[in-house]
Amino acid sequence: MPRATSSERRDARLDRPKGMRSNFSWRFTGGGNSGDRFGRFSESFARAMGTTWFLFGLTVIVIIWLVWNSIVPLGLQFDPRQTNFTLLTLILSLQASYAAPLILLAQNRQDDRDRVQIEQDRQRAERNLADTEYLAREVVSLRLAMKDVATKDFIRAELRALLEELDGDKPDRVEKPKAAKLAK
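Count the sequence shown with the working numbering and you get residues 545 to 728, in order.
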């Protein structure tokens, strides 16, 4: 069987109408294998920015930057103190302007996952409630059916009454073998 070409694989995707499929969006989303590659990247980026190592590293870089551009002679400084560290301010602003939307995207994806999880939990709770109600109805029906069934205590009481009746009717027969055994 011949292998499908990339254009055939691209057209085989059913998540978008045929007219909406373009080569640009196909390449940008990671070849169709994962249209969610950018979302996963944003989550890993947000996860990395929330670590103590990222904050520690950023602090060390800023301190080295400030010390270098304050103490080193003017010819070796790349962001002089006299210009109020304009390049450092620009870089930190750029980092913040990219970080904020990526963090928001990661939060939105987490909200979507939470929403799906809540819906699954609700469905599971409904199934558990239905199962519990069914079992409660079964227990009630068994209790009703057991009212007509002889219980162990009822059978014991009936057997005792029969034994007393038998003992009361024939006392000689029961005592004779005992007397005969004692005489021997």
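Built from N, CA and C at the ideal position, the CB exists for glycine as well. Predicted, not measured: the structure shown is a model, and the values here were computed from it.
{"Asked": "Ordered along the chain, which non-local residues of its own chain (more than five positions away) have a Cβ less than 8 Å from that of Arg653?", "Found": "Gly583, Ser586, Glu587"}
{"Asked": "Residue range of the alpha helix (DSSP H) that Arg625 falls in?", "Found": "Arg625 -> no alpha helix (DSSP H), and no H or E assigned at all."}
{"Asked": "Hey, how far is the Cα of Glu670 from the Cα of Gln664?", "Found": "10 Å"}
{"Asked": "Where does Pro617 fall in DSSP's three states?", "Found": "coil"}
{"Asked": "With respect to the alpha helix (DSSP H) encompassing Gly583, which residues constitute its N-terminal and C-terminal limits?", "Found": "581-593"}
{"Asked": "Using the Cα positions of Asp655 and Ala644, report the straight-line distance between them to the nearest angstrom.", "Found": "16 Å"}
{"Asked": "Between the alpha carbons of Asn613 and Arg625, how many angstroms are there, rounded?", "Found": "6 Å"}
{"Asked": "Helix, strand or coil: how does DSSP classify Lys696 here?", "Found": "helix"}
{"Asked": "Can you list, in chain order, the residues of its chain whose CB lies under 7 Å from that of Leu646, leaving out five sequence neighbours each side?", "Found": "Ser586, Phe589, Ala590"}
{"Asked": "Can you tell me the Cβ-Cβ gap for Asp623 and Leu636, rounded? I've got them flagged as a contact below 8 Å.", "Found": "Their Cβ separation, rounded to whole angstroms, is 12 Å, which puts Asp623 and Leu636 out of contact at 8 Å."}
{"Asked": "Does Trp570 come out as helix, strand or coil in the three-state DSSP assignment?", "Found": "Residue placement at Trp570 cannot be trusted, given a pLDDT of 48 that sits under 50; what the coordinates show is reported in the next sentence. Trp570 falls in the helix class under three-state DSSP."}
{"Asked": "Excluding the 5 residues preceding and the 5 following Leu649 in the sequence, name in chain order all residues of the same chain whose CB lies nearer than 7 Å to its CB.", "Found": "Gly583, Ser586"}
{"Asked": "In whole angstroms, what separates the C-alpha of Ile699 from that of Leu710?", "Found": "16 Å"}
{"Asked": "Beta-carbon within less than 7 Å of Phe598's beta-carbon, same chain only, minus the 5 sequence neighbours each way: which residues are those?", "Found": "Ala592"}
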